[in-house]
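These notes concern the structure reproduced below.
4 protein chains.
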Amino acid sequence: MSVETPTLSRERFVRWDDPTALADAGRTMSGREFLEAMLHGDLPSPPICHLVDFAISGVGDGQVDMTLTPQESQYNPIGSVHGGVIATVLDSVMGCAVHTRLPAGRGYTTLEIKVNYLRGITRDTGPMTAAGRVVHLGGRTAVALASLSDKTGRLYAEASTTCLVFDLPSTAAA
Amino acid sequence: MSVETPTLSRERFVRWDDPTALADAGRTMSGREFLEAMLHGDLPSPPICHLVDFAISGVGDGQVDMTLTPQESQYNPIGSVHGGVIATVLDSVMGCAVHTRLPAGRGYTTLEIKVNYLRGITRDTGPMTAAGRVVHLGGRTAVALASLSDKTGRLYAEASTTCLVFDLPSTAAA
Amino acid sequence: MSVETPTLSRERFVRWDDPTALADAGRTMSGREFLEAMLHGDLPSPPICHLVDFAISGVGDGQVDMTLTPQESQYNPIGSVHGGVIATVLDSVMGCAVHTRLPAGRGYTTLEIKVNYLRGITRDTGPMTAAGRVVHLGGRTAVALASLSDKTGRLYAEASTTCLVFDLPSTAAA
Amino acid sequence: MSVETPTLSRERFVRWDDPTALADAGRTMSGREFLEAMLHGDLPSPPICHLVDFAISGVGDGQVDMTLTPQESQYNPIGSVHGGVIATVLDSVMGCAVHTRLPAGRGYTTLEIKVNYLRGITRDTGPMTAAGRVVHLGGRTAVALASLSDKTGRLYAEASTTCLVFDLPSTAAA
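Chains as they are written, first to last, in my numbering: chain V, 1 to 174; chain G, 1001 to 1174; chain X, 2001 to 2174; chain F, 3001 to 3174.
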């Protein structure tokens, strides 16, 4: 679908795993086990992590950290990292923070996300850490917050989300 | 940074142009001219369009449409298109809708974005259209709204944004 | 709790009905019937409508209008109508718009609201209309949008909300 | 505008000061001085504080606390404190937190606010504390966060805001 011109001079080769196995594992493990398996390389990262280039770097009780490497392939038309890339990482740490609190058989989906952008990000900003934490987990919904900062602790974005939490449909045994 | 396991079986080759020339063009053209040049292939799409796989498909006065192709490389760990991908496209149509109203020498940056997710999206959902429109343009800020729908007009997400608008710093002549 | 100084020279006498009967009626009528009864004066308005001074002025399928009268008692420290007053009216039209789609025995609660303020409002702005409409109603959640405009149709604010929808607990018969 | 029925059995007498003097003071004092004068009763509270019944209870560097007393006059049609009342207090602590960082001659206005509601609030919830804090102050915008909790520290709402900050127009001397 991209406009193809002969000048496309930069390239990145993106490789990822079939996400079906990952989603299946997510249905049988607790969120904490699932995310720790991903952190330790026992489960593959989901495709989006390979595409956008971010990775889980910490898992706690109601808390998840991820690391984002700003790079040119994430650029918008005005010469900086696209806000959607930042939203992607912040959405991920918040959803996964909620997931750490869910037992096997419970799932979640994101109802809404809001991101406040404090400063622009370029390749020169260097590796960034997104930190998500749950502030409320009820029987039907959860609320989480997140922030994005550089190595020096300088803030670049703040975010909040509402997730729906629910019982996963039980899958028929073979 | 991705966890590399020998099983990475899927791949996508992403190619894009040096975004410097694009950002430079953005500083000398009106927003409408800039986006129409991109629509007609006279300017390259920014890297993020190639990475995430979406493209501008319509430019009007205070309005921009883009087309997104849902695909596996955009998937989250729970088996559907990551909410950040949807935020990326909606942020783009809203920022660009604001841009259509700016003369040469004026720029914008996104202060915040909120997205409401109405339904999940998978590869099977098919091509989607994001439509952004400006509802307010003042001297210092602009507000835009957007929605994402499939071919049948069914809604999948709604979004709103605040942008800061300002005079671009004049660049020194060669 | 207010700081009491001898200079408090302006006053407003606020009167309202015991809201218990209203909340009880809300549990036995469909949302549409409930709101139309309020519109026609067959049910009292809730206390907040009397306190802030706004009233329901239209009820449709998935749509509700309310009228707000800007006045000094709603002022913030910087000399204009407080943003919270605007949020109150927009939250109301969105929640009630969702309610119009719920049968008797179903209830809703607001999970989150976002408001974009486009222009300041003072007493001189004159009566304003808030219009809310549902864009999605699922089995567990609903999403609604709203805008606030003056008599000439000029926009002053835009809003979005996510509501949780659910079966009301059945109340024991006498 | 309220629907007047003979049954309006509850009442509250709201008194406030002419807000003009307050707004004038706000133009000549630093934000910190202005808010501390209000805290100590040397300046009157704005009308909205008297109407909704909340008051400033703490002022720091980039931080403001306010106390809200939940009561029946703030009720929505479904029998709890209206979300707009909560938005009003959270908007106030965030805007005022930004104000504490502004010198005399600088002003602010709220561009947008988002509130996540975690739990319902009734009269029985008791006095609540809203705490706002600035997370970013730039030359043109500021971002602040806030939360609302009861005496035990239990959270009821979270909020975020973007404010525009600017030089106030200088007023002609007499």
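The beta-carbon is built from N, C-alpha and C at its ideal position, and this holds for glycine as well.
Residues that Ser-1160/G contacts on chain B, provided the C-beta gap is smaller than 9 Å: Chain labels in this structure do not include chain B; the protein chains are V, G, X and F.
Where are the beta strand (DSSP E) runs, 3 residues long or more, that stay fully inside the segment 1045 to 1070 of chain G, in chain order? 1054 to 1060, 1063 to 1068
For the candidate residues Gly-31/V, Cys-163/V, Gly-132/V, His-99/V, whose alpha-carbon lies nearest to that of Arg-1119/G? As a first step, residue 1119/G is located in the second sequence; it is residue number 119 there, counting from the start. With distances taken between Cα atoms, Arg-1119/G lies closest to Cys-163/V.
Return the residue from the list Ile-1086/G, Gly-1058/G, Gly-1095/G that minimises the CA-CA distance to Asn-76/V. Position 76 of the first sequence, counted from the start, is the residue given in the question as residue 76/V. Ranking the options by Cα distance to Asn-76/V, first place goes to Gly-1095/G.
Quick one: is Leu-3111/F near chain G, going by C-beta distance under 7 Å? Counted from its first residue, the fourth sequence places residue 3111/F at position 111. Yes - at least one Cβ of chain G is within 7 Å of the one on Leu-3111/F.
From Ser-1080/G to Asp-1053/G, what distance separates their C-alpha atoms? On the second sequence, position 80 is the one that residue 1080/G refers to. On the second sequence, position 53 is the one that residue 1053/G refers to. CA-CA distance, Ser-1080/G to Asp-1053/G, rounds to 16 Å.
Run through chain G and tell me which residues come within less than 7 Å of Val-2093/X, C-beta to C-beta. Position 93 of the third sequence, counted from the start, is the residue given in the question as residue 2093/X. Ordered by position in chain G, no residue passes the 7 Å Cβ test against Val-2093/X, which lies about 16 Å from the chain.
In chain F, which residues lie with their C-beta within 9 Å of the C-beta of Val-135/V? Residue 135/V sits at position 135 when you count from the first residue of the first sequence. When 9 Å is used as the limit between beta carbons, Val-135/V is near these residues of chain F: Asn-3116, Leu-3118, Ser-3147, Leu-3155, Glu-3158, in chain order.
Short-range partners of chain X found in the segment 3049 to 3078 of chain F, where Cβ spacing is below 7 Å: Cys-3049, His-3050, Leu-3051, Asp-3053, Ala-3055, Thr-3067, Thr-3069, Glu-3072, Ser-3073, Gln-3074, Tyr-3075, Asn-3076, Pro-3077, Ile-3078
Give the straight-line distance between the Cα atoms of Thr-161/V and Val-143/V, rounded to the nearest whole angstrom. As a working mapping, residue 161/V is identified with position 161 in the first sequence. As a working mapping, residue 143/V is identified with position 143 in the first sequence. If I take the Cα positions, the gap works out to 6 Å.
Sequence-distant residues of the same chain with beta carbon closer than 6 Å to Pro-70/V, five excluded per side: The residue labelled residue 70/V in the question sits at position 70 within the first sequence. Here the set comprises Val-81, Ile-121, Arg-123, Thr-125.
For Val-3081/F, the residue or residues it bridges with in DSSP: The sequence position of residue 3081/F within the fourth sequence is 81, counting from 1. DSSP, once it has assigned bridges, lists Tyr-3075/F as partnering Val-3081/F.
Within 10 Å of its beta-carbon, does Gly-3040/F have 16 or more other beta-carbons around it, so buried, or fewer, so exposed? Here residue 3040/F corresponds to residue number 40 of the fourth sequence, with the count starting at 1. Looking at the sequence shown, residue 3040/F is not Gly but His. Only exposed fits His-3040/F, as fewer than 16 other CB atoms lie within 10 angstroms of its CB.
Assigned secondary structure, Ala-2025/X (DSSP; H/G/I helix, E/B strand, else coil): By 1-based counting over the third sequence, the position of residue 2025/X is 25. Reduced to three states, the DSSP call for Ala-2025/X is helix.
Is the CB-CB distance between Trp-2016/X and Arg-3010/F below 7 Å? Here residue 2016/X refers to the residue found at position 16 of the third sequence. Here residue 3010/F refers to the residue found at position 10 of the fourth sequence. Yes, the Cβ-Cβ distance between Trp-2016/X and Arg-3010/F is below 7 Å.
Taking Cβ to Cβ, would you say Val-89/V is nearer than 7 Å to Ala-130/V? As a working mapping, residue 89/V is identified with position 89 in the first sequence. As a working mapping, residue 130/V is identified with position 130 in the first sequence. A contact, by the Cβ cut-off of 7 Å.
Whole angstroms are fine: how far does the CA of Asp-3042/F sit from the CA of Asn-1116/G? For the purposes of this step, residue 1116/G is identified with residue 116 of the second sequence, where counting begins at 1. For the purposes of this step, residue 3042/F is identified with residue 42 of the fourth sequence, where counting begins at 1. Cα to Cα, Asn-1116/G sits roughly 44 Å from Asp-3042/F.
Examine chain G for any beta-carbon lying closer than 7 Å to the beta-carbon of Arg-32/V, and answer yes or no. Here residue 32/V refers to the residue found at position 32 of the first sequence. No, Arg-32/V does not count as interfacial toward chain G.
So, is Gly-1083/G buried or exposed, given that buried needs 16 or more other C-beta atoms within 10 angstroms? Position 83 of the second sequence, counted from the first residue, corresponds to residue 1083/G. Within a 10 Å sphere around the beta-carbon of Gly-1083/G sit 16 or more other beta-carbons, which makes this residue buried.
When the Cα atoms are used, what is the spatial distance from Gly-107/V to Gly-3105/F? For the purposes of this step, residue 107/V is taken as the residue at position 107 of the first sequence. For the purposes of this step, residue 3105/F is taken as the residue at position 105 of the fourth sequence. Computed Cα separation, rounded: 52 Å.
Exposed or buried, which one is Phe-2034/X when buried takes at least 16 other CB atoms within 10 Å? In the third sequence, the residue the question calls residue 2034/X occupies position 34. Phe-2034/X is buried by the Cβ-count criterion.
Length at least 3, wholly inside the segment 2116 to 2158 of chain X: the beta strand (DSSP E) runs in chain order: As far as the segment 2116 to 2158 of chain X is concerned, its whole beta strand (DSSP E) runs of at least 3 residues are 2128 to 2137, 2141 to 2149.
Considering Arg-2010/X, what are the terminal residues of the beta strand (DSSP E) in which it resides? In the third sequence, the residue the question calls residue 2010/X occupies position 10. Looking at the DSSP string, the run of the beta strand (DSSP E) that includes Arg-2010/X is 2010 to 2016.
Which class does Thr-2110/X belong to by DSSP, given the choice of helix, strand or coil? Sequence index remark: in the third sequence, residue 2110/X carries index 110 (1-based). Of the three classes helix, strand and coil, the one that applies to Thr-2110/X here is strand, per DSSP.
For chain F, find out if any of its Cβ atoms is closer than 7 Å to the Cβ of Val-2098/X; answer yes or no. Position 98 of the third sequence, counting from 1, holds the residue named residue 2098/X. So no, Val-2098/X is outside the interface.
From this set, Ala-146/V, Thr-7/V, Phe-166/V, which residue's C-alpha is nearest Ala-157/V's C-alpha? Taking the first sequence and counting its residues from 1, one reaches residue 157/V at position 157. If we check each option's Cα against that of Ala-157/V, Ala-146/V comes out closest.
Which word fits Asp-3167/F, buried or exposed, when buried means at least 16 other C-beta atoms lie within 10 angstroms of its C-beta? The count along the fourth sequence starts at 1 and reaches residue 3167/F at position 167. Under this definition Asp-3167/F is an exposed residue.
Around the C-beta of Thr-995/G, are 16 or more other C-beta atoms found within 10 angstroms, so that it is buried, or is it exposed? What is shown of chain G runs 1001 to 1174, which leaves residue 995/G out entirely.
Does Asp-1167/G come out as helix, strand or coil in the three-state DSSP assignment? The residue you call residue 1167/G lines up with position 167 of the second sequence. Asp-1167/G: strand per DSSP, three-state reduction.
Who does Ser-1160/G pair with in a DSSP beta bridge? Translated into the one-based positions of the second sequence, residue 1160/G becomes position 160. As DSSP reads the structure, Ser-1160/G sits in a beta bridge with Lys-1114/G, Leu-1145/G.
Under 7 Å between C-beta atoms, does Thr-3141/F make it to chain X? Your numbering for residue 3141/F matches position 141 in the fourth sequence. Answer no: the Cβ-Cβ gap between Thr-3141/F and chain X never drops below 7 Å.
For Asp-2042/X, the three-state DSSP class (helix, strand or coil): In the third sequence, counting from the first residue as 1, residue 2042/X sits at position 42. Of the three classes helix, strand and coil, the one that applies to Asp-2042/X here is coil, per DSSP.
Determine, using beta carbons only, whether Thr-129/V comes closer than 7 Å to chain G. In the first sequence, residue 129/V corresponds to position 129, counting from 1. It does not; no Cβ of chain G falls within 7 Å.
Inter-residue CB distance, Ala-1023/G and Ile-78/V (contact presumed, cutoff 8 Å): Residue mapping note: residue 1023/G aligns to position 23 of the second sequence, counting from 1. Residue mapping note: residue 78/V aligns to position 78 of the first sequence, counting from 1. Indeed, because the Cβ distance is near 6 Å, the residues count as touching under 8 Å.
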